[in-house]
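Asks: Here my numbering is used: the first residue of the sequence shown is 890, the next is one more, and so on.
For glycine and all other residues, C-beta sits at the position ideal for the given N, C-alpha and C.
Here's a structure for you.
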Amino acid sequence: MEVIDNREDLFDKIITIDAGNIFVGSTKSEEMDSVISTLKDNKDKDAIEGVLSTLKQVPFASIKKVSANLSNDMVYIHHQGKDKSMLSVSCKDSAMARGVVESLAKNLETLTLQEKQLSPFSAILKPLGTTAIISLFISGAYMIADAGAEEAMEASSGRRSFLKKIVWYIASTLGQTGVIILGGAILSCCAYWIFKSFKNPPLMLILK
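And the structure:
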């Protein structure tokens, strides 16, 4: 059993790989040292099973693809279950992300590991798409804030009414000025994301 100590990360502090699975998750801060020690000792089978049962589990047999973005230290495990799913693993740094993918590569012999340097234009596709969706959301909130309450509530009925009501609630709470300020701040972050992605396109590790 390979235990990857990821305690410096905010989210997925425990990453464990055994003969047929990867386990990812966390536990209470005061229990972390004891849990990591139990897994590394690999002696108390009952205690180990108890820890592993609290973590997210992905069997190797279900994994179709693994990718890692070494710019944001994230590993994405695409696997087949009842529905197609993806497990995102947050790593403390790029070296840790690389290590997780390379450890999986040793166990997934039918998949091939490759490195891919994204071009600047490929790197900004996702940020641009996300920014476009956020812009539509902000525009909708602004128009709702500009409309009368009765007109806005009428517009929030029909298809996707729940989502529309959420937008209406946010817009009515913030008002036009609030929507402009919050929307401007969010779009500024998106613009920085696009610039950063274009300036420093990420190196991807892909196992497929």
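In three-state terms, what does DSSP make of residue 1039?
Replies: Indexing the sequence shown from 1 puts residue 1039 at position 150. Confidence at residue 1039 is low in this model, with a pLDDT of 49, below 50, so the placement of that residue should be treated as unreliable; the coordinate-derived value is given next. Of the three classes helix, strand and coil, the one that applies to residue 1039 here is helix, per DSSP.
Asks: May I have the straight-line CA-CA distance separating residue 1055 from residue 1083, to the nearest angstrom?
Replies: The sequence position of residue 1055 within the sequence shown is 166, counting from 1. The sequence position of residue 1083 within the sequence shown is 194, counting from 1. One C-alpha to the other measures close to 27 Å.
Asks: For residue 1006, list the residues DSSP reports as bridge partners.
Replies: As a working mapping, residue 1006 is identified with position 117 in the sequence shown. For residue 1006, which the question treats as bridged, DSSP gives the partners 1092.
Asks: By Cβ distance, which residues of its chain are closer than 8 Å to residue 925, with the 5 residues on each side in sequence left out?
Replies: To locate residue 925, count along the sequence shown from 1; it is residue 36. 892, 894, 896 and 903, listed in sequence order.
Asks: With a 10 Å radius around its C-beta and 16 neighbouring C-beta atoms as the bar for buried, classify residue 918 as buried or exposed.
Replies: Counting from one through the sequence shown, the residue named residue 918 turns up at place 29. When all chains shown are included, residue 918 counts as exposed.
Asks: Just the Cα atoms here: how many angstroms apart are residue 945 and residue 922?
Replies: Working through the sequence shown from its first residue, we reach residue 945 at position 56. Working through the sequence shown from its first residue, we reach residue 922 at position 33. Residue 922 has its alpha-carbon roughly 19 Å from the corresponding atom of residue 945.
Asks: What would DSSP say about residue 921, mapped onto helix, strand or coil?
Replies: Counting from one through the sequence shown, the residue named residue 921 turns up at place 32. DSSP places residue 921 in helix when its eight states are reduced to three.
Asks: Considering only the alpha carbon of each residue, which of 1076, 985 and 901 lies closest to residue 1016?
Replies: Counting from one through the sequence shown, the residue named residue 1016 turns up at place 127. Residue 1016 has its Cα closest to that of 1076, out of 1076, 985 and 901.
Asks: Please look up how many angstroms separate the CB atoms of residue 1027 and residue 1072, rounded, as I've assumed it's under 8 Å.
Replies: In the sequence shown, residue 1027 corresponds to position 138, counting from 1. In the sequence shown, residue 1072 corresponds to position 183, counting from 1. About 4 Å separates the two Cβ atoms, so the contact holds.
Asks: Can you check whether the CB of residue 901 is closer than 9 Å to the CB of residue 955?
Replies: Position 66 of the sequence shown, counting from 1, holds the residue named residue 955. Position 12 of the sequence shown, counting from 1, holds the residue named residue 901. Contact flag unset, no.
Asks: According to DSSP, is residue 897 helix, strand or coil?
Replies: On the sequence shown, position 8 is the one that residue 897 refers to. In this structure, residue 897 counts as coil in the three-state DSSP scheme.
Asks: By a C-beta neighbour count over all protein chains shown, 10 Å radius and 16 as the cutoff for buried, is residue 980 buried or exposed?
Replies: The residue labelled residue 980 in the question sits at position 91 within the sequence shown. Residue 980 should be labelled buried.
Asks: Please return the same chain residues whose Cβ sits closer than 7 Å to the Cβ of residue 1012, not counting the five positions on each side in sequence.
Replies: Taking the sequence shown and counting its residues from 1, one reaches residue 1012 at position 123. 1086, 1087, 1090 and 1091.
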